[in-house]
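This report refers to the structure that appears directly beneath it.
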Amino acid sequence: MRPKKTILCVDDNEQTLAVRKFLLETRGYRVAAAMNGEQAVDRFRQGGIDLVLGDVLMPGMDGNEMVRQMKEIAPEVPMILISGTVKAFDRANRADAFLPKGASTPQEMLERIRIMIARKRGPKKARPFPEADAAAFAAQAIAS
């Protein structure tokens, strides 16, 4: 069984954060939650985060600044920003993906998360040959 992936969810709206956390946990993800950008960056520094899902508009540090700081720490971790204002896409230029609130379904969000985590993991590694198969493969290569 594959180890669970950990998603850091960041939103200043407690109800929205609880709904996203429930949605992700019921799909087999581990969820770390933060109510603002500063908390999120502190949690991100601890490591073990496979993807960040955050709101663009938050008091204090906004989502774009949060992503900028996190990318300095670990640029390989995919980050998705969500906003209720479509115009915020212009401001969400540091994230790897942008999802408009209300215009994307939970299924679309889950699919985007699945794809981005798989992309971070990279292609499947080739399995090494067992010794008997390797010898047979080498003998076949010499014969041809």
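Each residue of the sequence shown is one higher than the one before, counting from 1493 in the working numbering.
The beta carbon of each residue, even a glycine, is placed where N, CA and C say it ideally should be.
- request: Name the residue from Asp-1554, Thr-1577, Phe-1590, Ala-1525 whose alpha carbon lies nearest to the alpha carbon of Met-1571.
  value: Per the Cα distances, Phe-1590.
- prompt: Should Lys-1563 and Ser-1575 be called a contact, given that it needs their Cβ atoms to be closer than 8 angstroms?
  reply: Taking 8 angstroms as the cut-off, the beta carbon of Lys-1563 is found no closer than this to the beta carbon of Ser-1575.
field: Cβ neighbour criterion (16 or more within 10 Å) applied to Arg-1512
entry: Flag for Arg-1512 reads buried.
- prompt: Helix or strand or just coil, what does DSSP make of Val-1523?
  reply: In the three-state scheme derived from DSSP, where H, G and I count as helix and E and B as strand, Val-1523 is classed as strand.
query: Which class does Ala-1510 belong to by DSSP, given the choice of helix, strand or coil?
result: Correct three-state label for Ala-1510: helix.
message: For Gly-1555, count the other beta carbons within 10 Å of its own beta carbon; 16 or more makes it buried, fewer makes it exposed. Which is it?
response: Burial call: buried.
field: Residue burial classification, Ala-1610 (beta-carbon count within 10 angstroms, cutoff 16)
entry: The residue is exposed, with fewer than 16 neighbouring Cβ atoms inside 10 Å.
query: Looking only at its own chain, which residues have a Cβ that is under 7 angstroms from the Cβ of Asp-1588, when we skip the five neighbours before and after it?
result: Once the five neighbours on either side are set aside, the close Cβ partners of Asp-1588 are Pro-1570, Met-1571, Ile-1572, Met-1608.
task: Pick out the complete alpha helix (DSSP H) segments inside the segment 1534 to 1591, 4 residues or longer, and give them in chain order.
output: Whole alpha helix (DSSP H) segments, 4+ residues: 1555 to 1565, 1580 to 1583.
query: Considering Thr-1518, what are the terminal residues of the beta strand (DSSP E) in which it resides?
result: Bounds of any beta strand (DSSP E) do not take in Thr-1518, whose DSSP letter is neither H nor E.
- prompt: Once you ignore the five residues that flank Gly-1540 on each side, which residues in its own chain have a CB closer than 6 angstroms to its CB?
  reply: Only Thr-1498 meet the Cβ criterion.
- request: Determine which residues share a DSSP beta bridge with Thr-1498 and list them.
  value: Thr-1498 pairs with Arg-1522.
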